[in-house]
Structure formats: structure tokens, C-alpha cells
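**Student:**
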Amino acid sequence: GDLSSSSAVVRTAPIVPAAPDFAPEIVELGQYWAVVKLGAPPYDGGAAILSYIVSIFDIAADGSPTLFREELTTDFPTNITGLHGFSLYVFHVRAVNGIGLGR
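Every number in the working numbering is 23 more than the matching position in the sequence shown, counting from 1.
(1) Note down the Cα distance separating GLY108 from VAL77, rounded to an integer number of angstroms.
(2) Check ILE82 in the structure and name its three-state DSSP category.
(3) Within the continuous beta strand (DSSP E) that includes TYR112, where are the two ends?
(4) Beta-carbon separation of TYR112 and THR96 under 7 Å?
(5) Beta strand (DSSP E) containing PRO88: first to last residue?
(6) Judging by CA-CA distance, which residue of GLY69, PHE114, VAL119 and ILE122 is the nearest neighbour of PHE91?
(7) DSSP three-state label for TYR55, please.
(8) Quick one, are the C-beta atoms of THR101 and VAL59 less than 7 Å apart?
(9) Reducing DSSP to helix, strand and coil, say where LEU106 ends up.
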């Protein structure tokens, strides 16, 4: 039969996880630490999430971001320590599954 009007695309091989559809939330904050919370991504890419990479960007006075460091975590909320007091940071979280690092 003709499948053109009722075809579906099915991905049989896992892919990297999707990006979360909301930003990480800072649930506690100290001068040199922050507790970051994030829910699971909306789609795991067909393979279980193994861990998360938290990229921490230091924002300069002119607004330009510089990667401060990255941390590996397996659970949220997670405690980020070693921050510099009176600095502005942006946190970006990506999930990792057996295929690779998500967006």
C-alpha cells in the first residue's frame, strides 16, 4: 500500500539528550556557593541519562561570559562551591547519556 499519507518517522538508534526546556534554578545562594536545581530533560534521547555537566560562566563587567569551570554531577539539586564573592555567574546544564553530551 501507499504509506505517503500515514507514514511516521521512527528513530531506532539513541541520540544525545534534548536540552531542558527551562533554565536551572538557584534554590540557595551563599557568597561562595550556590545550590542549582534542574528537572530532567524532556527527552533522554532513547538512552538513560548517566550524568550532567554544569558549565559555570563568569560574567565580566562588559557582559561578556568566560567559562569559569565545569562540574560533573549525577543528581539535582547540586551544590556548586568555590565561587568568588560579588561575582555574576550563569549556569548552563547539559545531560549526558550513553551516546554523548546533550545540548
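The C-beta atom is built at its ideal place from N, Cα and C for all residues, glycine as well.
**Tutor:** A quick look at the data gives this:
(1) 19 Å
(2) strand
(3) 111-120
(4) no
(5) 88-96
(6) PHE114
(7) coil
(8) yes
(9) coil
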